[in-house]
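Trainee: Read in order, the letters of the sequence shown correspond to residues -28 to -1, 1 to 47 in mature numbering (1 follows the signal peptide of the UniProt record, and there is no 0). Quick reminder that beta carbons are idealized off the backbone N, C-alpha and C, glycines included. Because the structure is a prediction, the values reported are computed rather than measured.
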Amino acid sequence: MAAVRKTLFFSVLLLSFIFIASVTRVDGALCQRPSRLFRGLCFRSSNCASVCHGEHFADGYCHGLRRRCICRKPC
């Protein structure tokens, strides 16, 4: 009975490892560039994102000491 439990345990463990190893995550690269239309210092990423949407980008965020609006989208 103990041998059956060990075999079952290791079988489930092996199947779990195979399942975890087979699941891969694919991340696309993000292209980004400074906004052409945003003016002034960028303090709210939501404002930056709104301007970037108008420039046909997926998202935008405030970045750096100079607080620039950076737009980004999947490449």
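1) Please list the terminal residues of the continuous beta strand (DSSP E) segment that includes cysteine 47.
2) DSSP state of arginine -24, grouped into three classes?
3) When you compare each of Ile42, Arg11, Cys3, Phe(-20) to alanine 21 by their alpha carbons, which one comes out closest?
4) Please state if the CB of arginine 8 and the CB of phenylalanine 29 are separated by a distance shorter than 8 Å.
5) Rounded to the nearest angstrom, what separates tyrosine 33 and leucine -21 at their Cα positions?
6) Flag this pair as yes or no: are the beta carbons of alanine -26 and cysteine 47 separated by less than 8 Å?
7) Quick one, are the C-beta atoms of arginine 39 and phenylalanine 15 less than 8 Å apart?
Mentor: In short:
1) One-based indexing of the sequence shown puts residue 47 at position 75. Element bounds for cysteine 47: n/a, residue is neither H nor E.
2) As a position in the sequence shown, residue -24 is number 5, starting the count at 1. Helix, per DSSP.
3) Reading the sequence shown from its first residue, position 49 is the one you call residue 21. That would be Ile42, whose Cα lies nearest to the Cα of alanine 21.
4) Here residue 29 refers to the residue found at position 57 of the sequence shown. Here residue 8 refers to the residue found at position 36 of the sequence shown. Taking 8 Å as the Cβ cut-off, phenylalanine 29 and arginine 8 do not qualify as a contacting pair.
5) In the sequence shown, counting from the first residue as 1, residue 33 sits at position 61. In the sequence shown, counting from the first residue as 1, residue -21 sits at position 8. When rounded, the distance between both Cα atoms is 51 Å.
6) Here residue -26 refers to the residue found at position 3 when the sequence shown is read from its first residue. Here residue 47 refers to the residue found at position 75 when the sequence shown is read from its first residue. The answer is no: Cβ separation not under 8 Å.
7) Sequence index remark: in the sequence shown, residue 39 carries index 67 (1-based). Sequence index remark: in the sequence shown, residue 15 carries index 43 (1-based). Cβ distance < 8 Å, so arginine 39 and phenylalanine 15 count as in contact.
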